[in-house]
Amino acid sequence: MPYLTHSHLLTSTQHGFRPGQSTTTALLSFLDTISHGRNSGKIVSTLYLELSKAFDTVSHPLLLSQLSSLSFSPSSIAWFTSYLSNRQQAVKWKNSTSSFLKNLSKALFSAPYFSIFSLITFTNP
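If you use my numbering, the sequence shown corresponds to residues 1079 to 1203, in order.
Here it is as structure tokens:
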């Protein structure tokens, strides 16, 4: 995160995975924006979108190209390439673990869920 913050690659409206930011600060910022608009006599409307499947549309080659254009080092690009390939997943519940699903990222799309990488790459085109 320090590199992303120092390089100004994160928007000020991104609250997740940032020190001192949370869903609470995101909600307060949102409410402040609405209140400011209403107090200024503006019409305020909100659109809610469910984007959980949006991560399934991330093109790995395009993403890696984007990271390269942002001057990420070759070793960083290699790390991201490794991170996006040969993924496996299992579900653990109490004392039981499912069998592993392997090679989840053989497709050229999708970022691993619940990772800072998926959030950052999705919110910063």
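We put the beta carbon where it would ideally sit given N, CA and C, even for glycine.
Q) For the region 1134-1144 against the region 1153-1171, are there 3 or more C-beta pairs whose distance is under 8 Å? A) yes
Q. Leaving out five residues before and five after V1122 in sequence, what residues of the same chain have Cβ atoms less than 6 Å from its Cβ?
A. Excluding residues up to 5 positions away in sequence, I1112, G1115 and R1116 lie with their Cβ nearer than 6 Å to the Cβ of V1122 in the same chain.
Q) Sorted by chain position, which residues of the same chain lie with C-beta nearer than 6 Å to L1105's C-beta, five sequence neighbours on each side aside? A) none
**Q.** For L1179 and Q1166, believed in contact at Cβ under 8 Å, the rounded distance
**A.** 6 Å
Q: Have a look at T1101 and S1176 and give me their C-alpha separation to the nearest angstrom.
A: 31 Å
Q) Quick one: what's got a C-beta closer than 8 Å to Q1099's C-beta in the same chain, skipping five residues either side? A) The beta carbon of Q1099 sits closer than 8 Å to those of Q1092 and H1093, all from its chain and outside the five residues before and after it, given in chain order.
Q. Using the beta-carbon count (16 or more within 10 Å), is P1097 buried or exposed?
A. exposed
Q.
Output needed for S1146: all residues of its chain with C-beta closer than 8 Å, excluding positions within five of it in sequence on either side, in chain order.
A. Non-local beta-carbon contacts of S1146 in its own chain, meaning distances under 8 Å to residues more than five positions away in sequence, involve I1155 in chain order.
Q. Taking buried to mean at least 16 other C-beta atoms within 10 Å of its own C-beta, is L1088 buried or exposed?
A. Result: buried.
Q) DSSP beta-bridge partners for S1174? A) W1171
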